[in-house]
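Asker:
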Amino acid sequence: MSTTASPARTASSALLPAAPSYGLRGVVARAVVKRILSGVPVTARLADGHVYGAPLGTAPLLEVARPEAFFARLGRSPMIGIGESYMAREWSVADGTDLADALAPFAERLTDLIKPVFYRLRHTVLPRGLNPTNTRSGARRNIEAHYDLSNDMFRTFLDPSLSYSSGLFESLDPAPTTADLEAAQLRKVDAILDAAGVGSGSRVLEIGTGWGTLAIRAAQRGATVTTVTLSSEQADLARERVRAAGVQDRVEVAVRDYRDQRGSFDAVVSVEMIEAVGEEFWPEYFETVDALLAPGGVAAIQAILISHQRLVDTRGTYTWMHKYIFPGGVLPSAEAIAAVTRGHTTLHVASIAPMGRHYAHTLRLWRERFTTHWHDVLALGFDDRFCRMWEFYLAYCEAGFRTGYLDVAQFRLTR
Numbered sequence: 003m004s005t006t007a008s009p010a011r012t013a014s015s016a017l018l019p020a021a022p023s024y025g026l027r028g029v030v031a032r033a034v035v036k037r038i039l040s041g042v043p044v045t046a047r048l049a050d051g052h053v054y055g056a057p058l059g060t061a062p063l064l065e066v067a068r069p070e071a072f073f074a075r076l077g078r079s080p081m082i083g084i085g086e087s088y089m090a091r092e093w094s095v096a097d098g099t100d101l102a103d104a105l106a107p108f109a110e111r112l113t114d115l116i117k118p119v120f121y122r123l124r125h126t127v128l129p130r131g132l133n134p135t136n137t138r139s140g141a142r143r144n145i146e147a148h149y150d151l152s153n154d155m156f157r158t159f160l161d162p163s164l165s166y167s168s169g170l171f172e173s174l175d176p177a178p179t180t181a182d183l184e185a186a187q188l189r190k191v192d193a194i195l196d197a198a199g200v201g202s203g204s205r206v207l208e209i210g211t212g213w214g215t216l217a218i219r220a221a222q223r224g225a226t227v228t229t230v231t232l233s234s235e236q237a238d239l240a241r242e243r244v245r246a247a248g249v250q251d252r253v254e255v256a257v258r259d260y261r262d263q264r265g266s267f268d269a270v271v272s273v274e275m276i277e278a279v280g281e282e283f284w285p286e287y288f289e290t291v292d293a294l295l296a297p298g299g300v301a302a303i304q305a306i307l308i309s310h311q312r313l314v315d316t317r318g319t320y321t322w323m324h325k326y327i328f329p330g331g332v333l334p335s336a337e338a339i340a341a342v343t344r345g346h347t348t349l350h351v352a353s354i355a356p357m358g359r360h361y362a363h364t365l366r367l368w369r370e371r372f373t374t375h376w377h378d379v380l381a382l383g384f385d386d387r388f389c390r391m392w393e394f395y396l397a398y399c400e401a402g403f404r405t406g407y408l409d410v411a412q413f414r415l416t417r
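Going by our numbering, the sequence shown opens with residue 3, and the numbers climb by one from there.
(1) At the level of alpha carbons, what is the spacing between Gln263 and Ala246?
(2) Does the distance from the CB of Val227 to the CB of Val257 come in under 7 Å?
(3) If you run the structure through DSSP and keep just helix, strand and coil, what is Trp93?
(4) Which word fits Gly214, buried or exposed, when buried means at least 16 other C-beta atoms lie within 10 angstroms of its C-beta?
(5) Going by the DSSP bridge assignment, what does Val271 pair with across the sheet?
(6) Out of Gly98, Leu365, Phe73, which has the shortest C-alpha to C-alpha gap to Ala186?
(7) To which residues of the same chain is Glu184 closer than 6 Å at the C-beta, ignoring the five residues directly before and after it?
(8) Please look up how many angstroms separate the CB atoms of Ser272 and Ala296, rounded, as I've assumed it's under 8 Å.
(9) Helix, strand or coil: how does DSSP classify Val279 here?
(10) Alpha carbon to alpha carbon, how far is Gly383 from Leu294?
(11) Any idea what DSSP makes of Ala10, helix, strand or coil?
(12) Just to check my reading of the structure: Ser233 and Asp182 have Cβ atoms closer than 8 Å, yes? What is that Cβ distance to the nearest angstrom?
(13) DSSP three-state label for Ser4, please.
(14) From this set, Gln304, Pro134, Ser173, which residue's C-alpha is nearest Ala198's C-alpha?
(15) Taking 7 Å as the cut-off, decide whether the C-beta atoms of Leu2 and Met81 are in contact.
(16) Taking C-beta to C-beta, are Val1 and Gln236 nearer than 7 Å?
(17) Leaving out five residues before and five after Ala221 in sequence, what residues of the same chain have Cβ atoms less than 7 Å from its Cβ?
(18) At which residue ranges does the region 54-119 contain complete beta strand (DSSP E) runs of 3 or more residues, listed in the order of the chain?
(19) What residue from Tyr326, Gly298, Arg312, Thr211 has the CA that sits closest to Glu274's CA?
(20) Say whether the region 283-290 touches the region 309-322, bearing in mind that this needs 3 or more beta-carbon pairs closer than 8 Å, one atom from each stretch.
(21) In this structure, what does DSSP give as the bridge partners for Ile354?
(22) Contact between the region 93-110 and the region 59-71 is defined here as three or more beta-carbon pairs at a separation below 8 Å; is this criterion met?
(23) Please give me, in chain order, every unbroken run of the beta strand (DSSP E) with length at least 3 that falls completely inside the region 342-387.
(24) Helix, strand or coil for Arg317, going by three-state DSSP, please let me know.
(25) In this structure, how does DSSP classify Ala296 when only helix, strand and coil are distinguished?
(26) Would you tell me roughly how many angstroms separate the C-alpha atoms of Gly2 and Glu92, rounded to the nearest one?
(27) What did DSSP end up calling Ala247 once you bin it into helix, strand or coil?
(28) Could you pull out every residue in the same chain whose Cβ sits closer than 8 Å to the Cβ of Thr321, ignoring the five residues on either side in sequence?
(29) In three-state terms, what does DSSP make of Val132?
(30) Answer with buried or exposed for Leu415, where buried requires no fewer than 16 other C-beta atoms within 10 angstroms of its C-beta.
(31) How should Asp268 be labelled, buried or exposed, when 16 other C-beta atoms within 10 angstroms of its C-beta is the threshold for buried?
(32) Should Ile306 and Leu333 be called a contact, given that it needs their Cβ atoms to be closer than 7 Å?
(33) Closest to Trp401 by CA distance: which of His360, Thr158, Val34, Ala301 is it?
(34) Rounded to whole angstroms, how far is the Cβ of Asn144 from the Cβ of Gly330, which I believe are closer than 8 Å?
(35) Keeping to the same chain, check which residues put their C-beta closer than 8 Å to that of Ile218; ignore five residues upstream and five downstream.
(36) Return the CA-CA distance between Ser87 and Phe394, expressed in angstroms with no decimal places.
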């Protein structure tokens with residue numbers, strides 16, 4: 003089990019590029035931001051004395067400490083520059099302003115703010131073809147880049163079940179607290195297992211191990227479980243946790259590409275792994291699930307979703323999230339999942355259970371824990387830019403789920 007930061011990943015945070023020269027692109031970016039803020043309930047106060055957006059004191063407040071660097075990054079790459087500028091401390095939120103509160107108004111209006119024509123012209127200003135594909139070797143590198151950071155880093159903000167996916171809270175009113183998080187995660191796992199009909203004697207394949215909670219929970223129901231992952235860090239800790247739970251005779255944890263799995267299973271389950279598959283490999287992913295399901299078998303998949311039109315509009319776009327958090331990642335739409343299963347398998351979508359608001363609260367609680375344990379993350383060998391990178395990532399995603407720009411759902415697939 004790793005107790006220190008991954009040197010390669012820490013270095014990628016340290017290699018944040020310097021801001022480019024201000025130039026014409028910076029001037030244009032400033033004008034665009036000023037126009038955008040005229041229609042969004044957020045205030046930006048610049049160190050040069052300018053104030054854009056809502057009147058001071060009426061909306062979330064952004065403090066732009068280095069305006070020229072901020073606008074230069076946006077001018078060079080708007081889909082990447084906003085996050086890089088936050089990592090570089092060129093802008094922050096003011097005391098009393100929550101980062102997700104400041105990002106949510108933009109997420110809520112993103113469809114109106116960024117017209118489809120921008121995406122059609124995006125390759126004139128955005129890098130092309132930089133998101134690595136998920137071939138067998140590419141998928142392993144992409145997974146290692148995120149999940150092999152440090153088990154102890156993930157422990158700083160996850161609940162004791164070490165579940166790194168949306169919880170399913172018993173109630174969202176009042177707002178869930180950290181004390182509710184572990185129960186919400188186990189409720190989510192049980193919902194997936196129930197959807198797949200997992201019980202005593204079930205043969206279960208899990209695609210994407212995480213740190214072993216679902217496999218343990220299934221084994222405790224009397225199932226035998228094969229769980230596959232490409233993260234050696236996760237596999238090592240998952241095996242430890244399986245042994246500690248006393249179910250090692252029922253659970254195999256394998257570092258294996260799902261495409262190389264063989265056998266026949268009564269249930270195939272996968273929680274928030276399809277986002278790492280890549281659109282070009284979705285047919286192969288579902289064909290593999292179909293091939294591995296025994297007659298009468300059921301698949302249950304939890305997937306983060308975007309609208310189908312957004313999937314079409316943003317196809318091939320390289321973003322800050324790809325560069326720093328999830329290389330190779332692509333979010334599907336519910337329509338895409340239905341179409342791929344219909345066109346390439348004998349499976350069909352029998353039911354969909356959305357739970358996007360639950361993810362907003364899960365991310366809020368993770369971010370609260372992460373910022374509380376900021377110094378513990380630094381003590382593991384990560385730097386301040388890494389911590390700001392993760393703070394921005396968690397807040398950015400929370401804003402997306404809070405406003406409905408993103409969703410998450412559990413799909414039940416049957417023949």
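Where a beta carbon is used, it is the ideal one built from N, C-alpha and C, also for glycine.
Answerer: Once the coordinates are examined:
(1) 26 Å
(2) no
(3) strand
(4) buried
(5) Glu208, Ala302
(6) The shortest C-alpha separation from Ala186 is found at Leu365.
(7) Result list for Glu184: Asp161, Pro162, Ser163, in chain order.
(8) With a Cβ gap of about 17 Å, Ser272 and Ala296 do not count as contacting.
(9) Reduced to three states, the DSSP call for Val279 is coil.
(10) 41 Å
(11) Low confidence applies here, because Ala10 scores a pLDDT of 43, under 50, leaving its location unreliable; read the following figure in that light. In this structure, Ala10 counts as helix in the three-state DSSP scheme.
(12) In this structure, Ser233 and Asp182 do not form a Cβ contact; the two beta carbons are roughly 27 Å apart against a cut-off of 8 Å.
(13) Legend: pLDDT at Ser4 = 45, less than 50; position of this residue unreliable, value from coordinates given subsequently. Ser4 falls in the coil class under three-state DSSP.
(14) Gln304
(15) With the chain covering 3 to 417 only, the question about residue 2 has no answer from this structure.
(16) With the chain running from 3 to 417 in the structure shown, residue 1 is simply not present.
(17) Val227, Val249, Arg252, Val253
(18) Counting whole runs of 3 or more residues, the region 54-119 contains the beta strand (DSSP E) stretches 63-66, 93-95.
(19) Thr211
(20) no
(21) Beta-bridge pairing links Ile354 to Phe413.
(22) yes
(23) 350-356
(24) coil
(25) In the three-state DSSP reduction, Ala296 falls in the strand class (E or B).
(26) The chain is shown only over 3 to 417; residue 2 falls outside these bounds and no answer can be derived.
(27) DSSP places Ala247 in coil when its eight states are reduced to three.
(28) Met81, Ile82
(29) A small fix is needed here, since residue 132 is Leu in this sequence, not Val. Residue state, collapsed to three classes: coil.
(30) buried
(31) buried
(32) yes
(33) A small correction: the amino acid at residue 401 is Ala; Trp does not occupy that position in the sequence shown. Nearest C-alpha to Ala401: His360.
(34) 4 Å
(35) Scanning its chain for C-beta atoms nearer than 8 Å, with the 5 sequence neighbours on each side dropped, one finds around Ile218 the residues Arg243, Val244, Ala247, Val249, Val253, in chain order.
(36) 11 Å
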